[in-house]
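K.L.:
Following our numbering, the numbering of the sequence shown begins with 2 at its first residue and continues without gaps.
Glycine residues also receive a C-beta, built at the ideal position from the N, C-alpha and C atoms.
The structure presented is a predicted model; accordingly, all values stated were derived computationally and were not measured.
Sharing a structure with you now.
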Amino acid sequence: MSTQEQRLLDAGYEGVVYMPDAAYDDALLGVTEDGRAVYAYEDLIAGLMEHDGMSSDEAAEWIDYNILGSLPMYGSSAPIIVYRI
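In C-alpha coordinates form, the structure reads like this:
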(Lines of atoms letter the chains of each structure in order from A and count residues from 1; the text may use other names and numbers.)
(Lines give C-alpha, C1' and ligand atoms only; values in the text may rest on other atoms or scores of the structure.)
Protein backbone atom coordinates (compact mmCIF):
# COMPACT_ATOMS: atom_id res chain seq x y z
CA MET A 1 0.00 0.00 0.00
CA SER A 2 1.37 3.41 -0.95
CA THR A 3 1.84 6.23 1.53
CA GLN A 4 -0.84 8.27 -0.23
CA GLU A 5 -3.33 5.42 -0.18
CA GLN A 6 -2.70 4.89 3.53
CA ARG A 7 -3.14 8.60 4.25
CA LEU A 8 -6.40 8.68 2.29
CA LEU A 9 -7.75 5.56 3.99
CA ASP A 10 -6.72 6.80 7.44
CA ALA A 11 -8.66 10.00 6.76
CA GLY A 12 -11.73 8.03 5.63
CA TYR A 13 -11.39 8.66 1.88
CA GLU A 14 -11.86 5.29 0.24
CA GLY A 15 -12.12 5.21 -3.55
CA VAL A 16 -10.43 8.55 -4.23
CA VAL A 17 -8.56 8.61 -7.55
CA TYR A 18 -4.97 9.49 -6.69
CA MET A 19 -1.53 9.32 -8.30
CA PRO A 20 0.20 6.35 -6.61
CA ASP A 21 3.80 7.19 -7.56
CA ALA A 22 5.88 7.69 -4.39
CA ALA A 23 7.36 10.83 -5.99
CA TYR A 24 3.97 12.49 -5.46
CA ASP A 25 3.48 11.59 -1.79
CA ASP A 26 4.42 15.04 -0.46
CA ALA A 27 2.40 16.81 -3.16
CA LEU A 28 -0.96 15.48 -1.92
CA LEU A 29 -2.63 18.40 -0.15
CA GLY A 30 -6.00 16.92 0.60
CA VAL A 31 -9.38 15.94 -0.80
CA THR A 32 -12.22 18.12 -2.04
CA GLU A 33 -15.75 17.89 -0.70
CA ASP A 34 -16.71 15.82 -3.74
CA GLY A 35 -13.85 13.33 -3.18
CA ARG A 36 -11.15 14.52 -5.59
CA ALA A 37 -7.49 14.37 -4.59
CA VAL A 38 -5.71 17.74 -4.65
CA TYR A 39 -2.01 18.10 -5.48
CA ALA A 40 0.39 21.05 -5.51
CA TYR A 41 2.07 21.44 -8.90
CA GLU A 42 5.33 22.72 -7.41
CA ASP A 43 5.49 19.74 -5.05
CA LEU A 44 4.94 17.33 -7.95
CA ILE A 45 7.99 18.87 -9.61
CA ALA A 46 10.03 18.65 -6.40
CA GLY A 47 9.05 15.00 -5.99
CA LEU A 48 10.20 14.06 -9.48
CA MET A 49 13.45 15.96 -8.97
CA GLU A 50 14.13 14.16 -5.70
CA HIS A 51 12.92 10.65 -6.57
CA ASP A 52 13.74 10.45 -10.28
CA GLY A 53 16.67 12.84 -10.57
CA MET A 54 14.96 15.09 -13.10
CA SER A 55 15.77 18.75 -13.55
CA SER A 56 13.03 21.26 -12.81
CA ASP A 57 12.35 21.76 -16.51
CA GLU A 58 12.27 18.01 -17.20
CA ALA A 59 9.87 17.42 -14.32
CA ALA A 60 7.56 20.25 -15.41
CA GLU A 61 7.50 18.95 -18.97
CA TRP A 62 6.80 15.40 -17.76
CA ILE A 63 3.95 16.56 -15.51
CA ASP A 64 2.44 18.81 -18.16
CA TYR A 65 2.41 16.05 -20.76
CA ASN A 66 1.78 12.89 -18.73
CA ILE A 67 -0.35 14.10 -15.84
CA LEU A 68 -2.17 17.22 -16.97
CA GLY A 69 -2.66 15.72 -20.41
CA SER A 70 -4.33 12.61 -18.99
CA LEU A 71 -6.65 14.23 -16.43
CA PRO A 72 -9.63 14.58 -18.82
CA MET A 73 -9.91 10.81 -19.18
CA TYR A 74 -10.76 10.55 -15.46
CA GLY A 75 -13.79 12.79 -15.86
CA SER A 76 -15.32 14.30 -12.75
CA SER A 77 -13.18 12.17 -10.41
CA ALA A 78 -9.86 13.45 -11.80
CA PRO A 79 -7.32 14.74 -9.30
CA ILE A 80 -6.99 18.53 -9.10
CA ILE A 81 -3.61 20.20 -9.56
CA VAL A 82 -3.27 23.60 -7.88
CA TYR A 83 -0.70 26.31 -8.44
CA ARG A 84 0.30 28.23 -5.34
CA ILE A 85 0.31 32.00 -5.57
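Verify the CB distance criterion: does Leu-49 have a CB-CB separation below 7 Å to chain B?
P.N.:
Looking for chain B here will not work: only one protein chain is present.
K.L.:
Does DSSP classify Tyr-75 as helix, strand or coil?
P.N.:
If DSSP states are grouped into helix, strand and coil, Tyr-75 belongs with the helices.
K.L.:
Spell out a yes or no on whether the stretch 43-62 and the stretch 12-29 are touching, meaning 3 or more CB-CB pairs, one atom from each, closer than 8 Å.
P.N.:
yes
K.L.:
Name, in chain order, the residues that DSSP records as bridge partners for Gly-31.
P.N.:
Val-39
K.L.:
Count the C-beta pairs between the stretch 72-81 and the stretch 4-22 that are closer than 8 Å, then say yes if the count reaches three, no if not.
P.N.:
yes
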